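All remarks here apply to the structure that follows.
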Amino acid sequence: MSTRYARFWGVRGSCPAPFMTHMQTGGNTSCVEFRDGNHLLICDAGTGIIPLGDALLRQNEIREITLILTHYHWDHIAGLPFFMPAFTPGWKINIFGPGQARTDIEAYLATQMREPFFPVETDAWLSDVEYIDAGRTQLTHGPIHIERFTLRHPSNTYGYRIDMGGKKIIYASDNELPFPSEGIDEKTERLGGSEPSSRETRETDTWRQAMEYMHGADFLIHDAQYTKSDYEKKRGWGHSCYIDTVNMAIDAKVKNLYLFHHDPGYDDGVIDRLHRHSLEIIKERNSGVGCYVSREGGVIEI
Ligand SMILES: [Zn+2]
Ligand SMILES: [Zn+2]
743 MSTRYARFWG
753 VRGSCPAPFM
763 THMQTGGNTS
773 CVEFRDGNHL
783 LICDAGTGII
793 PLGDALLRQN
803 EIREITLILT
813 HYHWDHIAGL
823 PFFMPAFTPG
833 WKINIFGPGQ
843 ARTDIEAYLA
853 TQMREPFFPV
863 ETDAWLSDVE
873 YIDAGRTQLT
883 HGPIHIERFT
893 LRHPSNTYGY
903 RIDMGGKKII
913 YASDNELPFP
923 SEGIDEKTER
933 LGGSEPSSRE
943 TRETDTWRQA
953 MEYMHGADFL
963 IHDAQYTKSD
973 YEKKRGWGHS
983 CYIDTVNMAI
993 DAKVKNLYLF
1003 HHDPGYDDGV
1013 IDRLHRHSLE
1023 IIKERNSGVG
1033 CYVSREGGVI
1043 EI
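Residue numbering for the sequence shown is 743 to 1044, as defined by this note's numbering.
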């Protein structure tokens, strides 16, 4: 394996799904490792970060990590209290996420490790933890360049553009595509032909900006949580129907799409069915988008 890759440690949304019927996909919540030589970037600290932390303690090359969080919903931070490098002297951990100031990031993470929710507080962390200035829009970690943008999801939620090895990768774990069941052209036409509400305009601006970031990505890791019928029941919850994710990836001329943030209620059979349907949509639209299911343990060579 090359030393430049992404590895999925947690691919579920909402809550863990540790069931025998779900194991080909995986049961841990959001966590993806990006590795360029000895430089390690981690996106999100869902329960997938727990086995990643244990694996890190078994190697000697890396002692510094940058962890970027999309937001603070439990499925994206619940693994952090069990991330062993944080409790180990000699490690340096840089943490970034949404907030007005670096103290916000610190406060949000400390809250889940406070009585009566957890037995030890963040002062039990023996590593050197540094919170990155929340006002930053761009970061670097060694040769890895990172830029944030806003997604459509309850609470302030970031997507990240990650550039490494000359490739553009987009991590957009939680994002509700705003005009489901229409193509982008129809959406633009519809909005152009009528007076959009201020909310619609704001959402359209967010959407356009997110589209600009995603356009032409080599790898797009994107929310594809719901089937069409489940989406109808959970409209506004901040997640996408996989059909809209696939259509958006085609419209945005993405090269490779990884369906991500799988619903914990979907077993491997359901995930396989929605993947097969995604491939049919791509074929029907004469697109060359590669489409894959994010699976725990899966690796993208970059
Ligand atoms: Zn989530
Ligand atoms: Zn969320």
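Backbone N, C-alpha and C define an ideal beta-carbon position, used for all residues, glycine too.
Since we're looking at a predicted model, the values are computed, not measured.
- Straight through space, the alpha carbons of tyrosine 900 and valine 1012 are spaced by roughly 28 angstroms.
- Close CB contacts of isoleucine 819 within its chain, under the 7 angstroms cut and outside five residues either way in sequence, are with Ala787, Leu811, Leu851 and Gln854 (chain order).
- Annotated as distal: tryptophan 867 and phenylalanine 838, with beta-carbon spacing of 8 angstroms or more.
- Beta-carbon to beta-carbon, glycine 1039 and asparagine 998 are separated by about 18 angstroms, too far to satisfy the 8 angstroms threshold.
- Along the length of the stretch 944 to 1012, whole alpha helix (DSSP H) runs at least 4 residues long occupy 970 to 975 and 984 to 993, reported in chain order.
- Three or more beta-carbon pairs separated by less than 8 angstroms are not found between the stretch 971 to 978 and the stretch 758 to 775, which leaves the two stretches without contact.
- Membership of aspartate 817 in the alpha helix (DSSP H) is indicated by the continuous run 816 to 819.
- For threonine 845, the enclosing alpha helix (DSSP H) starts and ends at 844 to 853.
- At least one heavy atom of ligand 2 is found less than 7 angstroms from the C-beta of histidine 815.
- Residue environment analysis places leucine 799 among the exposed positions, since fewer than 16 neighbouring C-beta atoms fall within 10 angstroms of its C-beta.
- Put simply, the backbone Cα of glycine 1007 is about 8 angstroms away from that of alanine 759.
- Of all alpha-carbon atoms in Leu809, Ser772 and Thr767, the one lying nearest the alpha-carbon of histidine 781 is that of Leu809.
- Three or more beta-carbon pairs separated by less than 8 angstroms are not found between the stretch 861 to 876 and the stretch 903 to 914, which leaves the two stretches without contact.
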